[in-house]
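Below you'll find the structure, written out as structure tokens, and then a few comments.
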Amino acid sequence: MTIPQIQQVAAIADPSLKLAWTAAYAADDRKAVDICLLDVTGVSYLTDYFVIVTGLSKTQVRAIYQAVEEAAQTHCQRQPQHTEGQDNCSWVLMDYGDVIVHIQLPKERQYYNLEAFWGHARRIPFEPLVTT
Numbered sequence: 001m002t003i004p005q006i007q008q009v010a011a012i013a014d015p016s017l018k019l020a021w022t023a024a025y026a027a028d029d030r031k032a033v034d035i036c037l038l039d040v041t042g043v044s045y046l047t048d049y050f051v052i053v054t055g056l057s058k059t060q061v062r063a064i065y066q067a068v069e070e071a072a073q074t075h076c077q078r079q080p081q082h083t084e085g086q087d088n089c090s091w092v093l094m095d096y097g098d099v100i101v102h103i104q105l106p107k108e109r110q111y112y113n114l115e116a117f118w119g120h121a122r123r124i125p126f127e128p129l130v131t132t
């Protein structure tokens, strides 16, 4: 993450939201596309935030996964409670309890369409800093 991103995230008081932004910026740093943050508090008992991103290849999905894991540990002192899909890398799910990160290939992103499924959740605007 860049210095402005780190400063912006460090100012967030809510630890769950801070983790969600950290994951989004880490994914952006690895050139993820279609980064979406959803606030599902009040509409889901599973978690508070979803971070949904697309990687354009399995190699990129793996790089995004590793970047999110490292940034969460470094900036939020958090490790996922559960991770799955990192062997196949078509859809990696990182469950931090209060934040769930989905890293998907375009085909999986389109097919499962999590944003539509959670369409009643509040979408948090995210502007990528990395241009692809």
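Counting with UniProt numbering, you get residues 1 to 132 for the letters of the sequence shown.
Glycine included, C-beta positions come from ideal geometry on N, C-alpha and C.
Where Glu-70 sits in the DSSP three-state scheme:
helix
Across the region 60 to 78 and the region 116 to 130, are there enough close Cβ pairs to call them in contact, namely three or more that are closer than 8 Å?
no
I need the boundaries of the alpha helix (DSSP H) containing Asp-28, first residue and last residue.
15 to 29
Counting Cβ pairs, one atom from each stretch, are 3 or more of them under 8 Å apart for the region 52 to 71 and the region 31 to 43?
yes
Could you check what DSSP says for residue 136 in three-state terms: helix, strand or coil?
Since the first residue shown for the chain is 1 and the last is 132, residue 136 is missing from the structure and cannot be characterised.
Using a Cβ-Cβ cut-off of 7 Å (strictly less than) and excluding sequence neighbours within five positions of Ala-116, which residues of its own chain qualify?
none
Which residue from Tyr-49, Phe-126, Asp-28 and Asp-29 puts its Cα closest to that of Asp-14?
Tyr-49
Cα-Cα, which of Gln-8, Glu-108, Ala-23 and Ile-124 is closest to Asp-95?
Ala-23
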